[in-house]
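Last residue of the sequence shown: 295 in the UniProt record's numbering, with the numbers rising by one and none dropped.
For glycine and all other residues, C-beta sits at the position ideal for the given N, C-alpha and C.
Inspection log for the structure reproduced underneath, given as C-alpha cells.
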Amino acid sequence: MTEQMRLMAVHAHPDDESSKGAATMAKYVADGAKVLVATCTGGERGSVLNPKMDRPEVLADITNIRRAEMAKAREILGVDQAWLGFVDSGLPEGDPLPPLPEGCFGLQDPEEAAKPLIKLIREFRPHVMTTYDENGGYPHPDHIMCHKVSVVAFDAAGDPEKYPELGEPWQPRKLYYNSGWTRARMLALHEGMLAAGLESPYTEWLEKWSDRDDRGDKITTRIECGEYFHTRDDALRAHATQVDPDGFWFRIPLELQQKVWPTEDFELVRSLVDSPIPESDLFAGIHESAVRSEV
C-alpha cells in the first residue's frame, strides 16, 4: 500500500477555489487524495457580482454570507477548508489608485503573514501545493500577496530552524502555479463555439489579447479532469454573490469544453522529486518516493 496523497490549494478569497483548479481538486478527491483549501481572506470587501443577489440585506451581511457560500462549495468539491484569518483588501479602482485599507491582507509583511500558512502546512503535511504566479493570476493585491506568502511558506515549512513554535517541520515536494486563461485555451473554445454554430463570448477578449500577459508557454502539467467540470461549475454557482448562474462563465456548453479543452493546467515552479516534463499528474514523482511510514 502507498501513502495517501495530500494536496493544499492556497487561495485569496472564497470563490477562487471554485474558479481555479476546482475540477482538479474534485478529481483527486475521487481518486482518494486528501485535499485542503487554505483561504487567505474572508472576501469581506468583495463586490456583489450577481445582480440577483445585489440587495441591501446581502451587502449588510456579506461576511457571513460568503462564509456560508464557501461551506457549500467545499461540500460540493469534497475538500477540507481552513481560513487564514486575513481581511480582504478590496480591488482599488481609479487613476491614481486609492491606498489600500489599513490592516488589509495586501499590506501585510509576507514573512509575518506566512506564519498561519506555515502552521497549516506543518499540520496537514501536503505533498503538493498550488497557488498563484507572481502577478496573482491578475493584479489583485490579495492575489499577489497570496503568491508571496505561499512561496515564503513553502520554503520555510520544512526548515527546522524557522518558527519551531509553529509545529514539526514538513517540506512539501512540489509547488505549482494555477494557469488561467491562456490565449491557446480561449482560442480553442472560441473556435469550438463557432464550429458548433454558436456565438462565442470571447471575440472581444481575443481582439484585445495583445494587452494581456500570456503564460501559455510556461505550462508544464495538464490534468485530465473534464468529467469533473460539472462539479466545478456547481461549486462556482454556490458562490451566489460572486457568480451569476446565467452569466458569462456558463456560456460554453460543458460537452464542448470537455471535447475542446478537457484539462486544467499548471506551471511547476519548485520540485524536490524527479518528474519528467510535461506531466499529467500533480503527484508525479511523489507516488514513487512516498513511504507509508510518513503517515
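Burial state of residue i, where buried means 16 or more other Cβ atoms lie within 10 Å
i	result
Asn-64	exposed
Lys-174	buried
Arg-232	buried
Lys-208	exposed
Pro-98	exposed
Leu-84	buried
Glu-112	exposed
Phe-283	buried
Glu-127	The question names Glu, yet the displayed sequence has His at residue 127. So His-127 ends up on the buried side.
Arg-45	buried
Ser-275	buried
Leu-189	buried
Ala-71	exposed
Ser-280	exposed
Gly-94	exposed
Leu-198	exposed
Ser-47	exposed
Residue i versus residue j: straight-line alpha-carbon distance, rounded
i	j	result
Pro-116	Ala-196	48 angstroms
Thr-131	Arg-251	26 angstroms
Val-273	Gly-285	6 angstroms
Gln-258	Glu-102	44 angstroms
Thr-203	Pro-110	38 angstroms
Asp-76	Ala-235	Reading the sequence as shown, one finds Ile at residue 76 and not Asp. Rounded to the nearest angstrom, the two C-alpha atoms are 6 angstroms apart.
Thr-182	Glu-255	20 angstroms
Met-5	Leu-36	11 angstroms
Phe-124	His-287	18 angstroms
Ile-277	Arg-222	10 angstroms
Tyr-228	Thr-39	22 angstroms
Pro-172	Ala-23	22 angstroms
Pro-56	Gly-167	43 angstroms
Phe-248	Leu-59	22 angstroms
Arg-212	Tyr-138	10 angstroms
Gln-81	Ala-12	13 angstroms
Glu-17	Ile-144	15 angstroms
Glu-191	Ser-210	18 angstroms
Neighbourhood of residue i by C-beta, 6 angstroms cutoff - its chain only, sequence neighbours within 5 removed
i	result
Cys-104	Val-87, Ser-89
Lys-218	Glu-267
Ala-26	Leu-77, Tyr-228, Thr-231
Pro-169	Gly-158, Pro-160
Contacting residues, own chain, Cβ-Cβ under 8 angstroms from residue i (five flanking each side not counted)
i	result
Asp-244	Leu-49, Asn-50, Pro-51, Lys-52
Ala-156	Ala-114, Ile-118, Lys-162, Tyr-163
Val-291	Reliability fails at Val-291, whose pLDDT of 44 lies under 50, so the model's placement of it is uncertain and no value is given.
Gly-21	Ala-9, Thr-130, Asn-178, Glu-264, Phe-266
Ala-184	Gly-216
Asp-214	Thr-182, Arg-183
Whether residue i touches residue j by CB criterion (8 angstroms)
i	j	result
His-147	Glu-134	yes
Met-186	Leu-206	yes
Gly-180	Asp-142	no
Arg-66	Gly-42	yes
Tyr-176	Val-269	yes
Pro-92	His-239	no
Glu-69	Thr-220	no
Glu-224	Pro-253	no
7 angstroms Cβ shell around residue i - same chain, five flanking residues per side excluded
i	result
Asp-246	none
Ala-153	Ala-114, Leu-117, Ile-118, Ile-121
Gly-32	Gln-4
Arg-237	Val-243, Pro-245
Legend entry - Residue ranges of each beta strand (DSSP E) within the segment 30 to 76, 3 or longer: Counting only runs of at least 3 residues, the segment 30 to 76 fully encloses the following beta strand (DSSP E) elements, listed from N- to C-terminal order: 34 to 41.
Legend entry - Contained alpha helix (DSSP H) runs [length at least 4] in the segment 102 to 134, N- to C-terminal order: If we require 4 residues or more, the alpha helix (DSSP H) runs fully inside the segment 102 to 134 come out as 110 to 113, 115 to 124.
Legend entry - 4 or more residues per run - each alpha helix (DSSP H) lying fully within the segment 185 to 235: Within the segment 185 to 235, the runs of alpha helix (DSSP H) that reach at least 4 residues and sit entirely inside it are, in chain order, 203 to 207.
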